[in-house]
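Quick notes on the structure that follows.
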Amino acid sequence: MPELPEVEALAADLRERAVGRVIGRADVTEFSVLKTYDPPLTALSEATVISAGRHGKFLDLGVEPSGGGAPLHLIVHLARAGWLRWRESLPAAPPRPGKGPLAFRLQFADESGFDLTEAGTRKRLAVYLVRDPAEVPGVAALGPDPLDPAFTPEVLGSILAGRRTQIKGVLRDQKLIAGIGNAYSDEVLHAAKMSPYRLASSLTPDDVAALHEVIVTTLRDAIARSDGLAAGDLKKEKKAGLRVHGRAGQPCPVCGDTVREVSFADSALQYCATCQTGGKPLADRRLSRLLK
Numbered sequence: 303m304p305e306l307p308e309v310e311a312l313a314a315d316l317r318e319r320a321v322g323r324v325i326g327r328a329d330v331t332e333f334s335v336l337k338t339y340d341p342p343l344t345a346l347s348e349a350t351v352i353s354a355g356r357h358g359k360f361l362d363l364g365v366e367p368s369g370g371g372a373p374l375h376l377i378v379h380l381a382r383a384g385w386l387r388w389r390e391s392l393p394a395a396p397p398r399p400g401k402g403p404l405a406f407r408l409q410f411a412d413e414s415g416f417d418l419t420e421a422g423t424r425k426r427l428a429v430y431l432v433r434d435p436a437e438v439p440g441v442a443a444l445g446p447d448p449l450d451p452a453f454t455p456e457v458l459g460s461i462l463a464g465r466r467t468q469i470k471g472v473l474r475d476q477k478l479i480a481g482i483g484n485a486y487s488d489e490v491l492h493a494a495k496m497s498p499y500r501l502a503s504s505l506t507p508d509d510v511a512a513l514h515e516v517i518v519t520t521l522r523d524a525i526a527r528s529d530g531l532a533a534g535d536l537k538k539e540k541k542a543g544l545r546v547h548g549r550a551g552q553p554c555p556v557c558g559d560t561v562r563e564v565s566f567a568d569s570a571l572q573y574c575a576t577c578q579t580g581g582k583p584l585a586d587r588r589l590s591r592l593l594k
């Protein structure tokens, strides 16, 4: 799943490529992808892209309608298997709905544009056209952004205080902290030398301060590695930069111990027992709360 660093990089790529371009047409090929109907998708015709940003894992393309008026926002959530693919030249004919990975296409007047694709059969990619990003339920419910200067150790401490849930689940909960998913929560906890099963409420003020620093550093480092990369290169860079996530069975780059895995119904976490749990392997309890 694209997480904060990848979505930030996609937004930067669109700021470079799309801002200033005039939209020719928008086409939906997977009907479940479009979650709004007012304004209609036709309102994008001849609109000009004026900004590209993000809210947590949501991509936000700001557009100015051709007839004037308040800007609109094309909000995209790539879900677990979605991706954005920029193309310098798109076919003139609109795409046909079908069984392929293409879900949505935005084409500019000069025939460039991007496709939103989603692999697999579980279609969760979502597109919203709204007047205010807060109209998107997932955006409205987001917790603080960990790269916002307002996200201080004190704010993190207030999120964790009294919360008798495992720290892994807290880091992944978008209503508590925006943008961190399965991969970067593994990376943060490995860098912090902290067990994913540790209760959030058990962290001392020193633990909270250290965790805060690791969260910010890990995310900023990932963004820096992606700086200047095109959308097509981001997945490869993400995979290459991860230390434990997705590397079960490989040696830990810090201590050399074997990276271990705990599997769940549709997800898994990876960790180093030597670095994070005092050498003790974690029980594979398949706790559903970690998947929230």
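According to this note's numbering, the sequence shown holds residues 303 to 594 in order.
Ideal placement from N, C-alpha and C gives every residue a C-beta, glycine not left out.
| query | result |
| --- | --- |
| Contact belief for F271 with T338 at Cβ below 8 Å, rounded distance in angstroms | The structure shown does not extend to residue 271, since the chain is modelled only from 303 to 594, so the question has no answer here. |
| Bounding residues of the beta strand (DSSP E) (the contiguous stretch that carries V351) | 350-357 |
| Alpha carbon of P555 to alpha carbon of K541, nearest angstrom | 14 Å |
| Secondary structure of T520, DSSP reduced to three states | helix |
| Alpha helix (DSSP H) segment containing T576, residue limits | 575-578 |
| 8 Å Cβ shell around R562 - same chain, five flanking residues per side excluded | A550, Q572, Y573, C574, A575, P583, L584 |
| Beta-carbon proximity check, L343 vs L336, cutoff 8 Å | yes |
| Through-space distance from S503 to P463, alpha-carbon basis | Pro is not the amino acid found at residue 463; the sequence shown has Ala there. A463 and S503: Cα-Cα distance of roughly 5 Å. |
| Sheet register partners of L418 (DSSP bridge) | L386, F406 |
| Residue nearest to A349 in terms of C-alpha spacing, selected from A428, G326, R466 | G326 |
| Option in A314, M303, D362 with minimal Cα separation from A532 | A314 |
| Check whether F416 and L408 have beta carbons under 8 Å apart | yes |
| Rounded straight-line distance, which links the Cα of G402 to that of A354 | 27 Å |
| 8 Å Cβ shell around Q578 - same chain, five flanking residues per side excluded | L491, H492, K495, M496, S497, P498 |
| Stretch-stretch touch, CB-based, cutoff 8 Å, three pairs: the segment 467-474 with the segment 431-442 | no |
| Three-state secondary structure assigned by DSSP to H547 | coil |
| For G318, the three-state DSSP class (helix, strand or coil) | In the sequence on display, residue 318 carries Glu and not Gly. E318 falls in the helix class under three-state DSSP. |
| Residue range of the unbroken beta strand (DSSP E) whose run includes D488 | Counting along the chain, D488 falls outside any beta strand (DSSP E), though it belongs to the alpha helix (DSSP H) covering 484-493. |
| Extent of the continuous alpha helix (DSSP H) run through E456 | 455-462 |
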